[in-house]
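Engineer:
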Amino acid sequence: MSKIAVFPGSFDPFTIGHESIVRRAVNIFDKLIIAIGFNTNKTGFWPLEKRTKMITDIFIDDPRIVIDAYSDLTVDYCNRVGAHFMIRGLRTAVDFEYERSIGQSNKQLDPGIESVFILTAPEYTHVNSSIVRDIIGHNGDASMFMSKKVNYRDYL
Ligand code: ADP
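Each residue of the sequence shown is one higher than the one before, starting from 21 at the first, in the numbering used here.
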């Protein structure tokens with residue numbers, strides 16, 4: 021049986037911190053699905069199609085990595101795609117408390133899905149999508165927080 025993991029998130033936008041988690045996590049599993057969770061009532065800062073396209077282009081060379089989007093419960097999505105593992109990244113104690121609540125709730129919702137937490141590399145601890153949104157929203161240069169594989173401006 022192949023080991024499938026889902027990395028769920030809003031990825032609005034997908035940063036170099038997210039990329040680092042994906043590149044490390046993919047070696048533990050046979051397939052990793054980056055699943056963009058979206059709310060049908062909210063568009064988000066970065067349009068979903070462009071978010072999807074940028075992430076697809078970042079990982080174009082790795083067939084083990086698949087990009088998808090979903091709007092239902094994350095555990096329901098995991099079951100739909102046959103994933104028994106959910107990846108989350110941890111930066112700080114604040115992340116830990118938030119992720120603990122989500123992870124324990126998901127475990128109660130579906131005991132068959134295991135959350136796997138990956139500690140951020142120290143150089144990415146401060147990288148945060150909401151700060152990147154703020155920088156871009158004020159016409160700043162966010163390239164140091166974004167993947168080196170693409171030019172994020174091409175997807176704005
Ligand atoms: P969500 O809205 O689900 O929190 P995010 O896109 O903000 O979605 O984050 C998705 C996951 O990536 C979360 O587990 C978050 O902790 C993790 N993450 C975000 N930024 C980083 C980073 N710089 N380093 C490691 N993990 C990160």
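All C-beta atoms, glycine included, are put in the ideal place defined by N, C-alpha and C.
1. Kindly indicate which three-state DSSP category Ile151 falls into: helix, strand or coil?
2. Are the stretch 52 to 71 and the stretch 26 to 41 touching, with three or more C-beta to C-beta distances below 8 Å?
3. May I ask which residues mark the beginning and end of the alpha helix (DSSP H) holding Ser30?
4. Taking the alpha-carbon of Val152 as reference, which of Pro142, Glu119, Ser167 and Tyr90 has the nearest alpha-carbon?
5. Can you tell me whether Tyr118 is buried or exposed, with buried defined as 16 or more other CB within 10 angstroms of its CB?
6. Please go through the same chain and pick out, in chain order, the residues whose beta-carbon is closer than 7 Å to the beta-carbon of Thr35, but skip the five residues on each side of it.
7. Report the partner residues of Glu134 according to the DSSP bridge assignment.
8. What first and last residue would you give for the alpha helix (DSSP H) that runs through Asp115?
9. Can you check DSSP and say which residues form a bridge with Ile178?
10. Using the C-alpha atoms, what's the distance from Ile155 back to Ala162?
Structural biologist: Considering the structure as presented:
1. helix
2. yes
3. Here Ser30 belongs to no alpha helix (DSSP H), and DSSP marks it neither H nor E.
4. Ser167
5. exposed
6. Val147, Ser149, Val152, Phe165 and Met166
7. Phe105
8. Ala113 to Leu129
9. Any answer about residue 178 is impossible in this case: the structure gives the chain only from 21 up to 176.
10. 6 Å
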